[in-house]
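*Asks:* Residues 3 to 306, numbered by the numbering used here, are exactly what the sequence shown covers, in order.
Input: one structure, supplied below.
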Amino acid sequence: AAKNGKKVTVQIELQARFDEASNISYAEQMQTEGINLIFGVKGLKVHSKICVVERLEEGKVKRYGLISTGNFNESTARVYTDVTLFTSHQPIMKEVAKIFDFFDVNYRVHRYKHLFVSPHYTRTKFYKLIEREILNSIAGKEAFIKLKMNSLTDYKMIDKLYEASREGVKIQLVIRGICSLIPGVEGMSENIEATSIVDNYLEHSRVYIFGNSGDPEVFISSADFMTRNLDARVEVTCPIYDPEIKQELLETFEIGLKANVKARLHSETLENKYRKRPDEKPFRAQLETYNYYRNKLDVIYEQL
């Protein structure tokens with residue numbers, strides 16, 4: 003893009019784990035090409051995965067871009083599972099552009115209507131979503147929370163989920179790694195179920211679903227419920243507004259919940275027992291997710 007005369011700005015995280023040398027090399031190459039580089043935010047690690055392209059169309063700026071749960075990394079892309087939203091939703095893209103402004107001018111804190119941005123707003127926004135499910139449950143309305151992430155260790159978020167469980171909110175978690183929450187404890191977390199899927203591919207996506215009284219809200223995020231992600235990094239959580247994409251995420255989340263192969267149960271005893279359902283056929287979530295998307299493909303036959 004730079005060689006074609008486009009103005010390019012790149013925020014590059016020099017503290018990226020395992021990728022420091024590679025990122026320094028890329029930074030040197032980009033500087034040679036005249037690309038404007040931003041080397042992170044002082045005191046914060048940038049963990050968000052965002053891109054915005056601005057074009058002048060009919061005299062007006064139009065933005066296109068992406069928000070992802072994972073990086074565009076040649077090595078990890080082969081073994082990680084992630085989700086990425088490509089969008090031209092102008093209000094969302096305008097807010098992504100604000101994040102790049104924050105990278106450049108760190109003392110300027112923006113307000114966001116659509117995105118949850120750490121370290122300023124993510125924790126508060128998720129608190130409010132959980133609180134809404136609690137109030138809906140108390141009022142007798144449909145209330146549930148479904149969360150998929152790498153690790154769940156932030157004690158304040160865990161306490162909020164315990165509170166929701168005590169008020170009758172059904173909570174289903176897919177936590178691949180560390181889970182400090184203890185599910186299934188009477189009087190504290192009997193409405194919480196937590197599963198870990200460890201299979202061929204590393205489950206890296208963060209998908210957050212809130213029942214919203216029968217009209218579920220779905221979000222994708224770069225942030226786990228870990229203190230560092232909520233309070234000490236730049237992270238981005240994005241709502242999914244498109245009905246078709248939202249339905250895909252709802253359906254693929256259910257695939258993970260049905261897993262009885264390569265799926266373990268988080269429990270109070272920390273045994274990591276496999277989830278076994280003798281009365282059901284083997285159901286391997288990663289394979290079934292592949293089949294799900296394969297069946298959605300439109301096959302085009304070309305006549306010779």
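Where is the CB? At the ideal position from N, CA and C, for every residue including glycine.
1) DSSP on Q174, reduced to helix/strand/coil?
2) What number of angstroms, rounded off, separates the C-alpha of F128 from the C-alpha of F102?
3) Look at E290 and I257 and say whether their C-beta atoms are less than 7 angstroms apart.
4) Could you please give the first and the last residue of the uninterrupted alpha helix (DSSP H) stretch that includes Q33?
5) Please identify the residue among A99, F146, L204 whose C-alpha is closest to the C-alpha of A79.
6) In terms of residue numbering, what span does the beta strand (DSSP E) encompassing E237 cover?
7) Which residue wins for smallest C-alpha separation from T86, given the options D106, L137, F74?
8) Please indicate yes or no: does the CB of I247 lie closer than 6 angstroms to some heavy atom of the ligand PLP?
9) Considering T291, what are the terminal residues of the alpha helix (DSSP H) in which it resides?
10) Rounded to whole angstroms, how far is the Cβ of V1 from the Cβ of L46, which I believe are closer than 8 angstroms?
11) How far does the beta strand (DSSP E) with N38 in it reach, from first residue to last?
12) Where does G210 sit, in a helix, a strand or coil, going by DSSP?
13) Excluding sequence positions up to five away, which residues of its chain have a Cβ less than 6 angstroms from the Cβ of L183?
14) Identify which residue in H268, R110, E282 has its Cα closest to the Cα of Y276.
15) Give the list of continuous alpha helix (DSSP H) stretches no shorter than 4 residues that lie fully inside the stretch 87-150.
16) Which residues in the same chain have their Cβ closer than 7 angstroms to the Cβ of A166, if we skip the five residues on either side of it in sequence?
17) Which residues bound the beta strand (DSSP E) around Q13?
18) In the DSSP assignment, find the beta strand (DSSP E) that holds K62 and state where it starts and stops.
19) In chain order, what residues of the same chain lie with their CB nearer than 6 angstroms to the CB of N138, ignoring the 5 residues before and after it?
20) Give me the Cα-Cα distance between D84 and K51, rounded to the nearest whole angstrom.
21) Check for me: the beta strand (DSSP E) holding T197 runs from which residue to which?
22) Do L251 and Y210 come within 7 angstroms of each other at the CB atom, strictly closer than that value?
23) Is the CB-CB distance between D233 and M151 below 7 angstroms?
24) Would you tell me roughly how many angstroms separate the C-alpha atoms of D281 and K96, rounded to the nearest one?
25) Look at the Cβ atom of T71, then the Cβ atom of I222, and state whether they are nearer than 7 angstroms.
26) With burial defined as no fewer than 16 other Cβ atoms inside 10 Å of the residue's Cβ, what is the status of K162: buried or exposed?
*Replies:* Per the coordinate set shown:
1) Counted from its first residue, the sequence shown places residue 174 at position 172. Looking at Q174 - three-state DSSP - the assignment turns out to be strand.
2) To locate residue 128, count along the sequence shown from 1; it is residue 126. To locate residue 102, count along the sequence shown from 1; it is residue 100. Approximately 23 angstroms, taken between the alpha carbons.
3) Here residue 290 refers to the residue found at position 288 when the sequence shown is read from its first residue. Here residue 257 refers to the residue found at position 255 when the sequence shown is read from its first residue. Contact: yes.
4) On the sequence shown, residue 33 is found 31 positions in, with the first residue counted as 1. Its alpha helix (DSSP H) spans residues 22-34.
5) As a first step, residue 79 must be located in the sequence shown, where it is residue number 77. Of the candidates A99, F146, L204, the one whose C-alpha sits nearest the C-alpha of A79 is L204.
6) As a first step, residue 237 must be located in the sequence shown, where it is residue number 235. 235-241 is the extent of the beta strand (DSSP E) around E237.
7) Translated into the one-based positions of the sequence shown, residue 86 becomes position 84. The shortest CA-to-CA distance from T86 to any of D106, L137, F74 is the one to F74.
8) Annotation note on the ligand PLP: not contained in the displayed structure, which lists no ligands.
9) Here residue 291 refers to the residue found at position 289 when the sequence shown is read from its first residue. Taken as a continuous stretch (DSSP letters only), the alpha helix (DSSP H) holding T291 covers 287-298.
10) Nothing in the structure corresponds to residue 1, since the chain is present only between 3 and 306.
11) Position 36 of the sequence shown holds residue 38. Boundaries of the beta strand (DSSP E) harbouring N38: 38-40, taken from the DSSP string.
12) Within the sequence shown, the letter at position 208 stands for residue 210. With the sequence shown as reference, residue 210 is identified as Tyr, and Gly is not the correct amino acid for it. The answer is strand: DSSP assigns Y210 an E or B state.
13) Locating residue 183 in the sequence shown gives position 181, where the first residue counts as 1. For L183, where only same-chain residues beyond five positions count, the Cβ hits under 6 angstroms are L154, I160.
14) In the sequence shown, counting from the first residue as 1, residue 276 sits at position 274. Answer by Cα proximity: H268.
15) Complete alpha helix (DSSP H) runs here, min 4: 92-106, 124-140.
16) Here residue 166 corresponds to residue number 164 of the sequence shown, with the count starting at 1. The residues are I132, E135, I136, I147, I173.
17) The residue labelled residue 13 in the question sits at position 11 within the sequence shown. Secondary structure note for Q13: its beta strand (DSSP E) is the uninterrupted segment 11-13.
18) Position 60 of the sequence shown, counted from the first residue, corresponds to residue 62. First-last of the beta strand (DSSP E) with K62: 62-70.
19) The residue labelled residue 138 in the question sits at position 136 within the sequence shown. If we look at N138 and ignore the five residues flanking it on each side, its Cβ neighbours are A145, S215.
20) The residue labelled residue 84 in the question sits at position 82 within the sequence shown. The residue labelled residue 51 in the question sits at position 49 within the sequence shown. For D84 and K51, the distance between alpha carbons rounds to 11 angstroms.
21) As a first step, residue 197 is located in the sequence shown; it is residue number 195 there, counting from the start. Here the beta strand (DSSP E) through T197 covers 194-199.
22) Along the sequence shown, read from residue 1 onward, the residue named residue 210 stands at position 208. Along the sequence shown, read from residue 1 onward, the residue named residue 251 stands at position 249. Cβ distance not < 7 angstroms, so Y210 and L251 don't count as in contact.
23) Position 231 of the sequence shown, counting from 1, holds the residue named residue 233. Position 149 of the sequence shown, counting from 1, holds the residue named residue 151. No Cβ-Cβ contact shorter than 7 angstroms links D233 with M151.
24) Taking the sequence shown and counting its residues from 1, the one referred to as residue 281 is at position 279. Taking the sequence shown and counting its residues from 1, the one referred to as residue 96 is at position 94. Cα-Cα distance, rounded: 51 angstroms.
25) In the sequence shown, the residue the question calls residue 71 occupies position 69. In the sequence shown, the residue the question calls residue 222 occupies position 220. Judged by their CB atoms, T71 and I222 are nearer to each other than the 7 angstroms cut-off.
26) Counting from one through the sequence shown, the residue named residue 162 turns up at place 160. Burial call: buried.
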